[in-house]
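Enquirer: By full-length UniProt numbering, the letter at position 885 of the sequence shown is numbered 885, and the numbering carries on one by one without gaps. From the three backbone atoms N, C-alpha and C, an ideal C-beta is built for every residue, glycine too. Once you've had a glance at the structure underneath, I'll fire off some questions.
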Amino acid sequence: MALIKHWHQPGLCSAISQRNLDDFLSIYFGLHFSGRKDSFNQYIPPIKEDSMLQFGLVSSADALLKEICDSITKDGDFGSFTSCVYDTAWVSMIHDNCQPPQRLFPECFQYILHMQSEDGSWQRGGSQIDSILCTLASLLALQQSLLLDTPAISKAIAFLTRALNEWEVEKCIHVGFEILVPAHLRMLEKVGIKFEFPGKQMLLALNQRKLAKFRPETLYQQSSTMHHSLEAFVDVIDFNKLSHLKSNGSMMGSPSSTAAYLINISGRDLEAEQYLEAVLARHKNKSAVPSAYPTTTFEVSWVLSTLLCADIQAKSLSQDRLQLLGDYLGEQLKSHSGLVGFAPKMLADADDTAKTILSLNLLGRATSAQVLLEHFSQKTGYLCTYIGERNPSFSANCNALCALLWLPDPSESQSQSIELVDHLCNVWLQRRPNDKWNLSSLYLDMLLCQALIRFLQLWDNHEIWGISPSLVNRSFLVLISCADKIRSIHTSGQSLEMEERAYLLITLKLILQLPIPDTVQEGLTEVVLAQRGYLESELKTPSEPARIWVEKISYGSPILARCYCIAALYRNDDKVPWKSEVLQRITSLGNKADDYPSSKLQLPRWKLDIAVLQGNTYIPELKEARGRIFPVRPDVKDQYLSYIPCTWIVPSHARGKNLDWGLLWDMMDISLSDFLIDEYMEIKIAGLDESELDSVESYLVKNLEQQTISSEVNKTSKQNQTVQMNGHAGITSSEVHEVREVLDKYIRSIHEHPDVVTASRRDKETLRGELLEFLLAHIAQIRDSKAFAQTPTTDLGRKIFGLKNQLYHSWVNTTAAKHTSCHLSFAFMACVLSSRHANGQECFPSARISYLARDVCQQLAVLSRMYNDWASVARDRAEDNLNSINFLEFGENSDNTARQELYSLAEWTRKCATDTLEALKNAMQEAKVNTAIIDGLTSFSETTILYAEMYVVKDLTSRAKASNGTQNDVKS
Numbered sequence: 001m002a003l004i005k006h007w008h009q010p011g012l013c014s015a016i017s018q019r020n021l022d023d024f025l026s027i028y029f030g031l032h033f034s035g036r037k038d039s040f041n042q043y044i045p046p047i048k049e050d051s052m053l054q055f056g057l058v059s060s061a062d063a064l065l066k067e068i069c070d071s072i073t074k075d076g077d078f079g080s081f082t083s084c085v086y087d088t089a090w091v092s093m094i095h096d097n098c099q100p101p102q103r104l105f106p107e108c109f110q111y112i113l114h115m116q117s118e119d120g121s122w123q124r125g126g127s128q129i130d131s132i133l134c135t136l137a138s139l140l141a142l143q144q145s146l147l148l149d150t151p152a153i154s155k156a157i158a159f160l161t162r163a164l165n166e167w168e169v170e171k172c173i174h175v176g177f178e179i180l181v182p183a184h185l186r187m188l189e190k191v192g193i194k195f196e197f198p199g200k201q202m203l204l205a206l207n208q209r210k211l212a213k214f215r216p217e218t219l220y221q222q223s224s225t226m227h228h229s230l231e232a233f234v235d236v237i238d239f240n241k242l243s244h245l246k247s248n249g250s251m252m253g254s255p256s257s258t259a260a261y262l263i264n265i266s267g268r269d270l271e272a273e274q275y276l277e278a279v280l281a282r283h284k285n286k287s288a289v290p291s292a293y294p295t296t297t298f299e300v301s302w303v304l305s306t307l308l309c310a311d312i313q314a315k316s317l318s319q320d321r322l323q324l325l326g327d328y329l330g331e332q333l334k335s336h337s338g339l340v341g342f343a344p345k346m347l348a349d350a351d352d353t354a355k356t357i358l359s360l361n362l363l364g365r366a367t368s369a370q371v372l373l374e375h376f377s378q379k380t381g382y383l384c385t386y387i388g389e390r391n392p393s394f395s396a397n398c399n400a401l402c403a404l405l406w407l408p409d410p411s412e413s414q415s416q417s418i419e420l421v422d423h424l425c426n427v428w429l430q431r432r433p434n435d436k437w438n439l440s441s442l443y444l445d446m447l448l449c450q451a452l453i454r455f456l457q458l459w460d461n462h463e464i465w466g467i468s469p470s471l472v473n474r475s476f477l478v479l480i481s482c483a484d485k486i487r488s489i490h491t492s493g494q495s496l497e498m499e500e501r502a503y504l505l506i507t508l509k510l511i512l513q514l515p516i517p518d519t520v521q522e523g524l525t526e527v528v529l530a531q532r533g534y535l536e537s538e539l540k541t542p543s544e545p546a547r548i549w550v551e552k553i554s555y556g557s558p559i560l561a562r563c564y565c566i567a568a569l570y571r572n573d574d575k576v577p578w579k580s581e582v583l584q585r586i587t588s589l590g591n592k593a594d595d596y597p598s599s600k601l602q603l604p605r606w607k608l609d610i611a612v613l614q615g616n617t618y619i620p621e622l623k624e625a626r627g628r629i630f631p632v633r634p635d636v637k638d639q640y641l642s643y644i645p646c647t648w649i650v651p652s653h654a655r656g657k658n659l660d661w662g663l664l665w666d667m668m669d670i671s672l673s674d675f676l677i678d679e680y681m682e683i684k685i686a687g688l689d690e691s692e693l694d695s696v697e698s699y700l701v702k703n704l705e706q707q708t709i710s711s712e713v714n715k716t717s718k719q720n721q722t723v724q725m726n727g728h729a730g731i732t733s734s735e736v737h738e739v740r741e742v743l744d745k746y747i748r749s750i751h752e753h754p755d756v757v758t759a760s761r762r763d764k765e766t767l768r769g770e771l772l773e774f775l776l777a778h779i780a781q782i783r784d785s786k787a788f789a790q791t792p793t794t795d796l797g798r799k800i801f802g803l804k805n806q807l808y809h810s811w812v813n814t815t816a817a818k819h820t821s822c823h824l825s826f827a828f829m830a831c832v833l834s835s836r837h838a839n840g841q842e843c844f845p846s847a848r849i850s851y852l853a854r855d856v857c858q859q860l861a862v863l864s865r866m867y868n869d870w871a872s873v874a875r876d877r878a879e880d881n882l883n884s885i886n887f888l889e890f891g892e893n894s895d896n897t898a899r900q901e902l903y904s905l906a907e908w909t910r911k912c913a914t915d916t917l918e919a920l921k922n923a924m925q926e927a928k929v930n931t932a933i934i935d936g937l938t939s940f941s942e943t944t945i946l947y948a949e950m951y952v953v954k955d956l957t958s959r960a961k962a963s964n965g966t967q968n969d970v971k972s
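This is the structure:
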């Protein structure tokens, strides 16, 4: 520790000898294995002199390269994956041909006996499927030893009974689980051990779908991904016909697949046995094997690309080692016709090929990606990892995109790059994807942000072009949303694996390269410093690398974990020289955070700025949608376009939630329609005479009250025209005809929304009814306003509305509430939630839940009208609009007194809405309603209340009839 003290003192660094420096780096930046369970320790002390820490990190990176180079030079291959119980169990089952048969690898069987947990399972700590598969394979190994009555067998069966009953089959993403689990169940059933569980039928259905086109003879002809999992085909294929498909003695680099081959051939295969002997000898734990070996190309390409993309300059590293590793990757690419797998002679895949191309180009070795695109591109726009793949990999497509963006001339493949960016952004925004190769969503965020920052840099430098403004905005939205996601993780104190924390830090460092507002920069920098401190602290404690990488079984790689930690802690102070394109785009997004009542939202300014920045990326798309149905008035500035996105995003930030971006866009879109139909009603339809108004009302009743919404709402334009004309025979007014056409497009835009079509029947019927009531409420409001205009003014200068002696309570809970569009938007969201999160079943599945939901909606609608009227007394008076304080109950008090009463009623209604929402959420939780539905309804409530608060701060809409005769935005 004395050396550390001196190291912290300025001026003493130069006095430290090279030997002391080497000792320091080897002790504090080295990788140390304990020899048990692949533990490793990378200790990085919190050195104050950042330049010294940076120097140490570069030296640590060089040591990492040396370790890989030494292994390749000595053994010709490399692999650092953690021990795998599953593969070790299969290797333990190999016997020789002696009588009685002897285990070829008894140390593996002893490892299995030693590694069983108290609860009867093997390999806990990974994912759910890991424990299941490892325990199935280990149970199979134990039963072969005629130990059926041992406690180990009984405990394993008991664990599997519990685990299989709890297993959520539909959520499993591991490679090949749908063929591996049924195979093990079948083999155990042959020896009298049978399991029944709720997800078994779904599992077997997936198995049949996976193997629908499978023919055993296909396995005898050429290598495929199935050769990595031959244990799934015991008693199905003839293993004696597979010997010619070995790669370096193995079956596609898989110890378990190779073991299944050796167990099921008629004789012995010394080459395959020698492969397994070599794996055991080279693995850190000499009595266990990893899930794959060798993994040279995979780990070399990942390490090189990660370090170089972290801006650790190649010139700072050993040129001899870079030369050796570059030569290795270049030779692999050349000898395999431009495509590589995870190791020499393995089946080629897009992921390893892309990382290899990226690494070589980062080393300055110009390498084309043409073969990658020709071999793996799909018609859908993305790349498959392996030919014949069922589901594409998000991470593999991110890596392919990076390979294209770092080509010597990125414009050569810019059409493919743009297509991939579009695909990846859409997938990320719609469903926050899982991936088949890594369990951490932070890994996907890191890869996508790396690609998007590079994409924007190339666009900014005019090295690629032809990018739509919409795609640029979505790229910014993903980047800012990733920052927000990390902010949420940091704020919540969510537990992270050490390697995940490294992903998080790398992602934040990338995002901080953007010219985002100073408040956001400062807030994210605070997160970086805190997370960096956590990572440095974690590196002091020896631990096994997290099993977050996915193969048949989850695994960890100490080499990759170490590499990502170095990349995360390394800091490059060079600023990205953004030019006009990106700067203008960021500036054009604007920042209206001051318009939101942040004191009530209880958000720090930088977090509010993130939310507003996210929201503003949607404004261009809303502007495009502006003229889709309703006529555009070129002389009017649509002020509400600037507020709609943020009002849906800001409340979610306030409670640390991030909703599905697809749902958010749908709600923004319906909110835009709410504003526009309100405007159209007050300006266009309000100008009709009474007979024309009757005609429009008749049209609405005919087409909405008497028509049932079915799943077949997509009618042809001819059918739609017939419905219109049949309902209004004899109407000849051109004004009415024009209005009917606009209203018809508006109604169909709601009914034909994909999520409305697939929603539950009751939710669709509710939406139909609310749409009719909303439109009829507008007509009623028009008639009330016309009557109100004829009402005499009192001595106080305020009109008292006394039509039919209607009470204020009745009006505000009927016409006024329906007029706000709250009920309509609520019913629309219920349809979307039904479709997306309830499998087309009812969004509100019981009488109690349904009643409370409608009650919340009603109270929200009433308080919206009250707050709106409170803020717009002067405007309504100038425009002769009916306002709440014009009702008799408010008497002939002054405007201020009447407004105080109205505000008090609004606050009371808000309290009722909040209390009812809590009761609704409790009821839905008790009924185990999908949390996404609960979050969606909570967001709806918070957005409605935010609008109300904003009305108090600022009237969102301007006068419909300005004093100079021009028409502006209307009251919403």
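Output the distance between the C-alpha atoms of LEU31 and ILE72, rounded to the nearest integer angstrom.
Expert: Sequence index remark: in the sequence shown, residue 31 carries index 31 (1-based). Sequence index remark: in the sequence shown, residue 72 carries index 72 (1-based). In this prediction, LEU31 has a pLDDT of 35, which is less than 50 and means its spatial position is unreliable; what the coordinates show is noted afterwards. Each residue's alpha carbon lies about 18 Å from the other.
Enquirer: Look at the alpha carbon of ALA530 and the alpha carbon of ALA61, and state the distance between them as a whole number of angstroms.
Expert: Position 530 of the sequence shown, counted from the start, is the residue given in the question as residue 530. Position 61 of the sequence shown, counted from the start, is the residue given in the question as residue 61. When rounded, the distance between both Cα atoms is 23 Å.
Enquirer: In whole angstroms, what is the alpha-carbon distance linking HIS375 and LEU245?
Expert: Residue mapping note: residue 375 aligns to position 375 of the sequence shown, counting from 1. Residue mapping note: residue 245 aligns to position 245 of the sequence shown, counting from 1. Rounded to the nearest angstrom, the two C-alpha atoms are 22 Å apart.
Enquirer: Could you give the distance in angstroms between the alpha-carbon of SER224 and the alpha-carbon of LEU347?
Expert: Looking up residue 224 in the sequence shown gives position 224. Looking up residue 347 in the sequence shown gives position 347. Their Cα atoms are separated by approximately 7 Å.
Enquirer: Bridge partners for LYS799 per DSSP, in chain order?
Expert: Sequence index remark: in the sequence shown, residue 799 carries index 799 (1-based). DSSP output for LYS799 lists THR793 as bridge partner(s).
Enquirer: Note down, in chain order, each residue of its chain lying with its Cβ closer than 6 Å to the Cβ of residue 973, except the 5 sequence neighbours on either side.
Expert: The question about residue 973 has no answer, for the chain in this structure spans 1 to 972.
Enquirer: Which of helix, strand or coil does DSSP assign to ARG103?
Expert: On the sequence shown, residue 103 is found 103 positions in, with the first residue counted as 1. The answer is strand: DSSP assigns ARG103 an E or B state.
Enquirer: Quick one: residues in its chain with C-beta nearer than 7 Å to the C-beta of residue 976, no 5 flanking neighbours on either side, listed in chain order?
Expert: The structure shown does not extend to residue 976, since the chain is modelled only from 1 through 972, so no value can be given for it.
Enquirer: Indicate, with yes or no, if the ligand MG has a heavy atom lying under 6 Å from the CB of PRO294.
Expert: Summarising the ligand content, the structure contains no ligands, and the ligand MG is consequently not present.
Enquirer: Please classify residue 990: does DSSP put it in a helix, a strand, or coil?
Expert: Residue 990 is absent from the model: the chain starts at 1 and stops at 972.
Enquirer: At the level of alpha carbons, what is the spacing between LEU185 and ILE934?
Expert: Taking the sequence shown and counting its residues from 1, one reaches residue 185 at position 185. Taking the sequence shown and counting its residues from 1, one reaches residue 934 at position 934. Between LEU185 and ILE934, the C-alpha separation is close to 38 Å.
Enquirer: What residues in its chain sit with their C-beta under 7 Å from that of TYR220, if we drop five residues either side in the sequence?
Expert: Residue mapping note: residue 220 aligns to position 220 of the sequence shown, counting from 1. Counting only Cβ-Cβ distances below 7 Å, and skipping sequence neighbours, we find LYS241 and LEU242.
Enquirer: LEU676 to MET668, Cα distance in whole Å?
Expert: Start at 1 with the first residue of the sequence shown, and residue 676 comes out as number 676. Start at 1 with the first residue of the sequence shown, and residue 668 comes out as number 668. Rounded to whole angstroms, LEU676 to MET668 spans 12 Å at the Cα level.
Enquirer: Between the segment 734 to 754 and the segment 615 to 635, are three or more C-beta pairs nearer than 8 Å?
Expert: Flag = yes, the segment 734 to 754 and the segment 615 to 635 touch.
Enquirer: Count the other C-beta atoms from every protein chain shown that fall within 10 angstroms of the C-beta of VAL191, then say buried if there are 16 or more, exposed otherwise.
Expert: As a first step, residue 191 must be located in the sequence shown, where it is residue number 191. Burial call: exposed.
Enquirer: Going by beta carbon distance, what residues of the same chain come within less than 8 Å of VAL650, once the five residues before and after it are set aside?
Expert: Position 650 of the sequence shown, counting from 1, holds the residue named residue 650. Contacts found: TYR596, LEU601, LEU603, LEU608, ALA611, VAL612, GLY615 and LEU946.
Enquirer: Which term fits ILE44, buried or exposed, when burial requires 16 or more other beta carbons within 10 angstroms of its beta carbon?
Expert: Taking the sequence shown and counting its residues from 1, the one referred to as residue 44 is at position 44. With a pLDDT of 33 at ILE44, under the threshold of 50, the modelled position of that residue is not reliable, and no figure is offered here.
Enquirer: Under 7 Å between the Cβ atoms of TYR808 and PHE887?
Expert: By 1-based counting over the sequence shown, the position of residue 808 is 808. By 1-based counting over the sequence shown, the position of residue 887 is 887. It is a contact, given that the beta carbons lie within the stated cut-off.
Enquirer: Considering only their Cβ atoms, is the gap separating THR295 from ALA272 smaller than 7 Å?
Expert: For the purposes of this step, residue 272 is taken as the residue at position 272 of the sequence shown. For the purposes of this step, residue 295 is taken as the residue at position 295 of the sequence shown. Against a cut-off of 7 Å, the Cβ pair of THR295 and ALA272 comes out as no contact.
Enquirer: Where does the unbroken alpha helix (DSSP H) through GLU907 begin, and where does it stop?
Expert: Numbered from 1 along the sequence shown, position 907 holds the residue referred to as residue 907. Element bounds for GLU907: 895 to 926.
Enquirer: For LEU622, tell me which candidate among LYS579, ARG585, TRP578 and ILE670 has the shortest Cα-Cα distance.
Expert: As a first step, residue 622 is located in the sequence shown; it is residue number 622 there, counting from the start. Closest option to LEU622, Cα to Cα, is ILE670.
Enquirer: My understanding is that LEU479 touches CYS449, with C-beta atoms under 8 Å, so please give their C-beta distance in whole angstroms.
Expert: Reading the sequence shown from its first residue, position 479 is the one you call residue 479. Reading the sequence shown from its first residue, position 449 is the one you call residue 449. 6 Å between Cβ atoms; contact.
Enquirer: Could you check whether THR306 and ASP349 sit closer than 7 Å to each other, using their CB atoms as the reference points?
Expert: Counting from 1 along the sequence shown, the entry for residue 349 is found at position 349. Counting from 1 along the sequence shown, the entry for residue 306 is found at position 306. No, the pair does not count as a contact, with Cβ atoms beyond the cut-off.
Enquirer: CA-CA distance, VAL873 and GLU892?
Expert: In the sequence shown, the residue the question calls residue 873 occupies position 873. In the sequence shown, the residue the question calls residue 892 occupies position 892. Each residue's alpha carbon lies about 15 Å from the other.
Enquirer: Between the Cα of ALA152 and those of SER138, GLU697 and ARG454, spot the shortest distance and give me the residue it belongs to.
Expert: Within the sequence shown, numbered from 1, the residue matching residue 152 stands at position 152. Answer by Cα proximity: SER138.
Enquirer: Bridge partners for ASN438 per DSSP, in chain order?
Expert: Mapped onto the sequence shown, residue 438 falls at position 438. According to DSSP, ASN438 bridges with TRP549.
Enquirer: So what's ASP969 in DSSP terms, helix, strand or just coil?
Expert: Within the sequence shown, numbered from 1, the residue matching residue 969 stands at position 969. Residue placement at ASP969 is flagged as unreliable, the pLDDT there being 37, under the threshold of 50; a coordinate-derived value is accordingly withheld.
Enquirer: For ASP70, does the count of other Cβ atoms within 10 angstroms reach 16, so buried, or fall short, so exposed?
Expert: Start at 1 with the first residue of the sequence shown, and residue 70 comes out as number 70. Result: exposed.
Enquirer: Tell me the start and end of each unbroken alpha helix (DSSP H) in the segment 831 to 888 that is at least 4 residues and wholly inside, in chain order.
Expert: Within the segment 831 to 888, the complete alpha helix (DSSP H) runs of at least 4 residues are 847 to 871 and 873 to 879.
Enquirer: On the DSSP bridge assignment, give the partners of residue 974 in chain order.
Expert: Past the boundaries of the shown model lies residue 974; the chain is included only from 1 to 972, so the question cannot be answered.
Enquirer: Leaving out five residues before and five after LEU641 in sequence, what residues of the same chain have Cβ atoms less than 8 Å from its Cβ?
Expert: Residue 641 sits at position 641 when you count from the first residue of the sequence shown. Excluding residues within five positions, the ones whose Cβ falls inside 8 Å are ILE619, LEU622, LYS623, ARG626 and LEU672.
Enquirer: If we count Cβ pairs, one from each stretch, closer than 8 Å, do we get three or more for the segment 916 to 934 versus the segment 840 to 860?
Expert: Touching, yes, given that three or more Cβ pairs across the two stretches are closer than 8 Å.
Enquirer: Can you give me the C-alpha to C-alpha distance between GLN102 and SER145, rounded to a whole angstrom?
Expert: Working through the sequence shown from its first residue, we reach residue 102 at position 102. Working through the sequence shown from its first residue, we reach residue 145 at position 145. Near 11 Å, if we compare the C-alpha coordinates of SER145 and GLN102.
Enquirer: Roughly how far, in whole angstroms, is the beta-carbon of THR909 from the beta-carbon of GLY840, given that I think they are within contact range, below 8 Å?
Expert: As a position in the sequence shown, residue 909 is number 909, starting the count at 1. As a position in the sequence shown, residue 840 is number 840, starting the count at 1. No, THR909 and GLY840 are not in contact; Cβ-Cβ is about 34 Å, not under 8 Å.
Enquirer: Are the beta-carbon atoms of PRO410 and ILE464 separated by less than 7 Å?
Expert: Stepping through the sequence shown from its first residue, residue 410 is reached at position 410. Stepping through the sequence shown from its first residue, residue 464 is reached at position 464. Yes, they are a contact pair.
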